[in-house]
Amino acid sequence: MSPALQGLITIIIGVGGCVGYFYFSNLFLDKVLFPASGPNAGRNINRAGMIRPWLFLAPALIALTVYLAYPVVETLRLSLTQRVPGGGYVWVGFDNYRKMSGEPKFWEALRNNMLWLIVVPAMSTAFGLLAAQLSDRIRWGNLAKSLIFMPMAISFVGAAVIWKLVYDTRPVDQEQIGVLNAVWLAFEGGPMSVLFLKIVPSLGLIAFAAAVGLIAWVFVRPMLKARDQVGGGTIPLRLLVAVAALWLIYMSLRSVIGLAGADLPYGVPQTWLTIPFWNSFFLMIVLVWIQTGFAMVILSAALRGVPEDTIEAAIVDGANPFQIFFKIKVPQIMGTIVVVWTTITIVVLKVFDIVFAMSNGQWETQVLANYMYDKLFRANDWGVGSASAMVIMLLVTPILIWNVYNARKEMR
Amino acid sequence: MAELKLKNVEKAYGEVKVLSNINLDIKTGELIVFVGPSGCGKSTLLRMIAGLEKITGGDFTIDGERMNEVPPAQRGIAMVFQSYALYPHMTVRDNMSFALKIAKKSQPEIDAAVAKAAKILQLEPYLDRLPKALSGGQRQRVAIGRSIVRDPKVYLFDEPLSNLDAALRVATRLEIAQLKESMPNSTMIYVTHDQVEAMTLATRIVVLAGGGISQVGTPLELYERPQNEFVAQFIGSPAMNLMAGEVIETGAQTRVRLANGGEAVSSVPTLAADMGLKVNIGVRPEDLVATTGPAIFTGEVEITEALGEVTLLYFRRNGGDAQVVAKLPGIHNDVRHTTVALGADPSKVHLFAKGISLLYR
Ligand SMILES: Nc1ncnc2c1ncn2[C@@H]1O[C@H](COP(=O)(O)OP(=O)(O)O)[C@@H](O)[C@H]1O
Ligand SMILES: [Mg+2]
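Chain order of the listed sequences is Z and E.
The first sequence begins at 1 in the UniProt record's numbering and counts up by one.
The second sequence begins at 1 in the UniProt record's numbering and counts up by one.
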């Protein structure tokens, strides 16, 4: 049987099974168990009403217990035990965690995850917001939106394959099939190369540093002004943002200096995915490419929800388009931006497929999820594998809670 | 100081003209009210003055300076929106200082302007609240405060009271009147579909209908000398009674025989050539009085509505005739189902031919 046909049958059985379950169990409850007729009709209706929610919740509850709650507990147990040769387990306490923290690969994964965590949600949300705003008022805006949204329909592995081809490298004497190398080889070291590979990226980096500085300033300024009282609870957050911003500014300015002095290997095809540090960014681009569509769709809807007359009031007040965007529109959709940001953050923390399919964590691109897979299923070290799984869960949970909290606030 | 001139101004959305031939001179210190039925283009005209809507024809000047292409912020106007349009993420203080911050005014200057406006509008206790923590009336005042701080030449109000409940509406109407009183040199344009607001606030009323100006005048002019049947019926409540008839005597006074069998005398003069002219007479419900002499209208009272100081009498309609309403002082529920003869002072009887008042021929 063809896989497509199998898929179709699965869908039919699955959906039909769900519908059947709800329909027939409901029927059974109303007609057989507590019929709404006879001497006890009133009492039966009440009882049926009490049981019905549980009846309908049962499949979801069972699935959550079996596939979510139990694995969490079991993973926790596995992370505290060790398999002994010949079968069976022994309790080892936090040994697995200790072992894991001694492995450089784990720290590399953690560091990379943090980098992903900063770059991907920020870029996806920023690009999504930009696309949402720019495509809103133009005639072919909807076409642009469809195109930007399309990567959402591609699985991570599929996207990884596409981008692996973009980054592909062939020996010098062969024709390059990777777009990036084809473009790279077009630069031969002349003035154009300097313009596009040194000046333009430097300007981009400086602009990025300036933007980060501006954001940090927005966060820090209220603390310096006596007139605006700052809630005490936000001071650590504000300082954290400031420190992170300073680090990002330092990194980008250092990159500018490094770029200025760099002797770029013109004319030589590059194996992009093996260039340490930068290769992580090449992987991140894949996820940004996918998630931008998601961010754009949600933010576009939110932007449309901004009352038109607050914008007109701002026009009358003399605000220019940038001020309207940053001071009127963006603050009004801040709640949605936070939800989009945290949602993407959670996707990023779990990122696995892209790294697995493109570099498999080699050349310093390891991330936590792939590290876990490595330990769990390749090294068969269930203890350390489970320990790293617990670390991922520990990182995701607070963001998840915050995300749900914000999403609920948005709905109210 | 602000004189606004609209000359042959028009507005078209694509092929559809919603406003045309708008000619209007507004002088410094006036409170002009645009009034008219829903959809007649009041908001559109106001937004054209504000610069939020493109003027597709004609000239609009403020103090002699052509404004057609000038962006809203540079026209010296401030606008209060029907929905208040407060910035929901900013405190009352920030809402009021936004325009000044954009204009890069100094902080002491901003603080002074906000403090002054807050004092006038009694908003001082709420300066650090977000709009969502304010009542409707307070939000309304913040919206007005946002205009005041900018010290504009022209204030524009688009149905500012329509989202308030009845009691608050009366109170806020009074506040706006007091505000105007305290700023005798500012020009205000006020849009409403409510004729009571128009009558009470305006120095002059602009009645808009059918894509153009129906009449411009002081509230009393509009009430006493309506230029056409539309204005006659739009101003005053209940609306003016119109009855069809034919001129049978001309001169300093005009006698009209009505289709309903009655006879009316109007102090509107007519020429000998008007003999036999088909006219509509118009009499306001409050100008009708019970009479024993020759009657304008005789009919059976079908419904009475006693409002306390007055009673409205609704007469039974005969075939396709328009409803006749009379407004008598005092309480008269006892006249229900009796036949009443009504007359009116000749000076209160208006004459319209083809919808236009004979006074304005
Ligand atoms: N963007 C638009 N496109 C086409 N017609 C419009 C547009 N905006 C308003 N109109 C039409 O202009 C007329 C006047 O509208 P408006 O000024 O809002 O009336 P109102 O007197 O109730 O404030 C209405 O008939 C409306 O249908
Ligand atoms: Mg309107």
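Every residue, glycine too, gets a C-beta built ideally from N, C-alpha and C.
Contact residues of ligand 1 (beta-carbon closer than 5 Å to any heavy atom; chain order) are E:TYR13, E:VAL18, E:SER38, E:GLY39, E:CYS40, E:GLY41, E:LYS42, E:SER43, E:THR44. The beta carbons of Z:ILE344 and Z:PRO201 sit about 25 Å from each other, so the pair does not count as a contact at 8 Å. In this structure, the beta-carbon distance from E:LEU4 to E:ILE62 falls below 7 Å. When secondary structure is reduced to three states using DSSP, Z:THR169 falls in the coil class, being assigned neither helix nor strand. Spanning the alpha carbons of E:SER83 and E:PRO160 requires a straight line of approximately 8 Å.
Z:ASP168 sits away from Z:GLY158, with the two beta carbons spaced by 7 Å or more. Excluding residues up to 5 positions away in sequence, LEU78, ARG83, LEU376 lie with their Cβ nearer than 7 Å to the Cβ of Z:TRP382 in the same chain. The beta carbon of E:LEU52 sits closer than 7 Å to some beta carbon of chain Z. One finds ASP317 in chain Z with Cβ atoms closer than 7 Å to the Cβ of E:PHE98, taken in chain order. Residue-level contact check: E:MET67 does not touch chain Z, since none of the beta carbons of chain Z fall below 7 Å from its beta carbon. Among the residues of chain Z, those whose CB is under 8 Å from the CB of E:PHE81 are ASP309, GLU312, ALA313, following chain order. Across the set Z:VAL367, Z:MET390, Z:VAL339, Z:ALA369, the C-alpha of Z:VAL339 shows the shortest separation from the C-alpha of Z:VAL404.
Restricting attention to Z:VAL355, Z:GLY305, Z:ALA260, the CA atom closest to the CA of Z:THR274 is found in Z:VAL355. The Cβ atoms of Z:VAL306 and Z:LYS329 lie closer than 7 Å to each other.
Taking a contact as a CB-CB distance under 8 Å, the pair E:VAL301 and E:HIS350 does not count as one, their CB atoms being some 24 Å apart. DSSP assignment within the stretch 60-117 of chain Z yields the following whole beta strand (DSSP E) runs of 3 residues or more, N-terminal first: 81-83, 89-91. By the Cβ-count criterion, Z:PHE24 is exposed, with fewer than 16 other Cβ atoms from all chains shown falling within 10 Å of its own Cβ. Rounded to whole angstroms, E:GLY145 and E:ALA117 show a C-alpha spacing of 6 Å. Bounds of the alpha helix (DSSP H) holding Z:LYS145 are 141-149. Each residue's CA atom was taken as its position, placing Z:GLU108 and Z:MET284 some 16 Å apart.
Using a Cβ-Cβ distance cut-off of 8 Å, the stretch 152-166 of chain E and the stretch 113-131 of chain E are not in contact, since fewer than three pairs of beta carbons, one from each stretch, lie closer than that value. Taking 7 Å as the cut-off, the Cβ atoms of E:SER97 and E:VAL114 count as close. Any Cβ of chain Z closer than 7 Å to the Cβ of E:TYR126 would place that residue at the interface, and such an atom is absent.
Note that the stretch 19-31 of chain E touches the stretch 200-209 of chain E; at least 3 beta-carbon pairs, one per stretch, sit closer than 8 Å.
With the criterion set as a beta carbon lying under 7 Å from some beta carbon of chain Z, the members of the stretch 100-122 of chain E are ILE102, ALA103, in sequence order. The residues ARG255, ARG257, in chain order, have a CB closer than 6 Å to that of E:ILE248 in the same chain once the five nearest residues on each side in sequence are set aside. Residue-level contact by beta carbon holds for Z:GLN332 and chain E, with a gap shorter than 7 Å. Chain Z places a beta carbon closer than 7 Å to that of E:PRO72, counting this residue as a contact. In the structure shown, the three-state DSSP call for E:ASP194 is coil.
In this structure, E:ASN241 lies near E:VAL283, with their beta-carbon atoms less than 7 Å apart. For the stretch 218-297 of chain Z, the continuous alpha helix (DSSP H) assignments of 4+ residues that do not extend past its boundaries occur at 235-261, in sequence order. The beta-bridge partner set that DSSP reports for E:GLU175 is empty. Chain order gives the chain E residues near Z:GLN323 as ILE102, where near means a beta carbon separation below 7 Å.
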